[in-house]
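All remarks here apply to the structure that follows.
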Amino acid sequence: MDFNDTPEEAAYRTKARAWLSKNAEPIDPNEPAADPLAEREDEKTIQAAKAWQAKKFDEGWACITWPKEYGGQGGTTMQNVIFNQEQARFKTPPNIYTIGHGMLGPTIMTHGTPEQKAKYVKRMARGEEIWCQLFSEPAAGSDLAGLRSSALRDGDDWVINGQKIWSTGAHFSKWGMIVVRTDPNAAKHAGLTYFIIDMESKGIEIRPIKQINGGSGFNEVFFTDARVPDANRLGAVGDGWRVALTTLMNERVAIGAGSAAGGFKNLLKLARDTRRNGRPALQDSAVRQRLADFWVKQQGLKYTGFRTLSALSQGKTPGPEGSIGKAVGAPMAQELAAFAVELQGPLGATRDHAYSVHEALWQNNWLGVPGMRVAGGTDEILKNIIAERVLRLPPEIRLDKDLPFRDIPTGPPHK
Ligand SMILES: Cc1cc2nc3c(=O)[nH]c(=O)nc-3n(C[C@H](O)[C@H](O)[C@H](O)COP(=O)(O)OP(=O)(O)OC[C@H]3O[C@@H](n4cnc5c(N)ncnc54)[C@H](O)[C@@H]3O)c2cc1C
Numbered sequence: 173m174d175f176n177d178t179p180e181e182a183a184y185r186t187k188a189r190a191w192l193s194k195n196a197e198p199i200d201p202n203e204p205a206a207d208p209l210a211e212r213e214d215e216k217t218i219q220a221a222k223a224w225q226a227k228k229f230d231e232g233w234a235c236i237t238w239p240k241e242y243g244g245q246g247g248t249t250m251q252n253v254i255f256n257q258e259q260a261r262f263k264t265p266p267n268i269y270t271i272g273h274g275m276l277g278p279t280i281m282t283h284g285t286p287e288q289k290a291k292y293v294k295r296m297a298r299g300e301e302i303w304c305q306l307f308s309e310p311a312a313g314s315d316l317a318g319l320r321s322s323a324l325r326d327g328d329d330w331v332i333n334g335q336k337i338w339s340t341g342a343h344f345s346k347w348g349m350i351v352v353r354t355d356p357n358a359a360k361h362a363g364l365t366y367f368i369i370d371m372e373s374k375g376i377e378i379r380p381i382k383q384i385n386g387g388s389g390f391n392e393v394f395f396t397d398a399r400v401p402d403a404n405r406l407g408a409v410g411d412g413w414r415v416a417l418t419t420l421m422n423e424r425v426a427i428g429a430g431s432a433a434g435g436f437k438n439l440l441k442l443a444r445d446t447r448r449n450g451r452p453a454l455q456d457s458a459v460r461q462r463l464a465d466f467w468v469k470q471q472g473l474k475y476t477g478f479r480t481l482s483a484l485s486q487g488k489t490p491g492p493e494g495s496i497g498k499a500v501g502a503p504m505a506q507e508l509a510a511f512a513v514e515l516q517g518p519l520g521a522t523r524d525h526a527y528s529v530h531e532a533l534w535q536n537n538w539l540g541v542p543g544m545r546v547a548g549g550t551d552e553i554l555k556n557i558i559a560e561r562v563l564r565l566p567p568e569i570r571l572d573k574d575l576p577f578r579d580i581p582t583g584p585p586h587k
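Structure representation (structure tokens):
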């Protein structure tokens, strides 16, 4: 198997690298790479990210796989992969568009009316407005179809009541995509409807959640008689689950791509820059053994990732085996962070830049990385997918699947 670029891909890579060299500063290969989990909600970062996205849009590098009529480049998935690989070599603002560009844009393009596509997609591509995903609720995460927030029809509007949680970036988003229950008498997957909602509407309260790493990247969002026009409905009434599945399928791909970030390189740099028993930790045989273990595992992940790339380059859609990358990669990222903190000895316990190595990059990563084992599908849910859809084991028993939602015996009765 040859993993090299085809001549066309190599030419595209050269073109992308030339544009990036002209417009961004390259990353010094001796510096540790930026932490992909670093908090990114401050106003200055958001403005910098918006400016970078607008520049890419204006010069033909935004949303590479989207059709040109929606502000994309009409390019291939491999071109998108190549541009992202090249962009990772440069200092650019963090990507605050993973949810919009990776998940919600494709959902509107698949299920939206011509008016909805014309109104939202191009502006989303230029990054002028940020979008958030309002799916999870306090009692509906893995079991998303068990959600209880409701919408009732009132003239040309729907009236939404309920609560969402873990809504990343809701506090700086203009638009949200929300799934709510519109028919409690239907079976739980059948009574849902999907809407686009203006986050500045009356009746929406956004409360940031304080996280252990000091940031507030995600929120609780409360809806009290919030109105959304029927024109903002995406898909038919009662068809929200099918629309949501498009978002979720794209989420796996978007998150999978992000979790490939190079933690091992940072760990190697830390082992060079940290002293243990009077010499660089990298010279310690026990440390070297752990590094070798991580490297072997990382190579396995790299080549498993190449299967996805090969499928993409042949125009195929990657299958459920794509879940393996996150099922193995997220726990490994957590082990890596724990080892990096341990390697720093007592100083691993401080995030004070005066004492910590590499500006406490690993301490911050260690606090944020458990979330990667939950976001976009927990370890157990990914294992279920692999068991059922890759290994073809018998499916999990789902007793509530065909019952009217109102009759499912959990929690207080639905009002
Ligand atoms: C960093 C981060 C960002 C997020 N951003 C968003 C966002 O922008 N928008 C949004 O809507 N949501 C977001 N989420 C929420 C995320 O989608 C949910 O946390 C996730 O789906 C898990 O749901 P839950 O937290 O309710 O856990 P639960 O589903 O309650 O799971 C609790 C535990 O039970 C296990 N479990 C559940 N069901 C099964 C089963 N069938 N078999 C075996 N074990 C099971 C789980 O694996 C887990 O260990 C985000 C989460 C994180 C961590």
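In the working numbering, the protein residues as written are 173 to 587.
Note that the Cβ used here is the ideal one computed from N, Cα and C, for glycine as well.
- In this structure, ligand 1 has no non-hydrogen atom nearer than 7 Å to the beta-carbon of I558.
- A straight-line Cα-Cα distance of about 15 Å links S528 and F511.
- Scanning its chain for C-beta atoms nearer than 6 Å, with the 5 sequence neighbours on each side dropped, one finds around P278 the residues N422, in chain order.
- If you check the C-beta of V546 against ligand 1, you find a heavy atom less than 7 Å away.
- DSSP places F436 in the helix class (H, G or I) of the three-state scheme.
- Note that the C-beta distance between P356 and R578 is below 8 Å.
- Short of 8 Å from the beta carbon of Q245, and not among the five residues preceding or following it, lie these beta carbons of its own chain, in chain order: G232, W233, A234, C235, I236, T237, W238, Q251.
- In this structure, the C-beta of L306 approaches ligand 1 to less than 7 Å from one of its heavy atoms.
- In terms of Cα proximity to F175, the closest of L484, A526, T354, L533 is L484.
- For the 8 Å CB-CB criterion, M371 and T419 do not form a contact.
- Linking H283 to F229 through their CA atoms gives a straight-line distance of about 24 Å.
- Counted as a single uninterrupted DSSP element, the alpha helix (DSSP H) harbouring K194 occupies residues 179-195.
- For W303, the shortest C-beta to heavy atom distance toward ligand 1 is 7 Å or greater.
- Where D329 is concerned, the enclosing beta strand (DSSP E) starts and stops at 329-340.
- The beta carbon of L306 sits closer than 8 Å to those of K336, S339, A342, G348, M349, I350, V351, I369, V393, all from its chain and outside the five residues before and after it, given in chain order.
- Considering only A220, Q219, F262, the residue with the shortest C-alpha distance to W191 is F262.
- Under the DSSP assignment, V459 falls in the alpha helix (DSSP H) whose first and last residues are 457-485.
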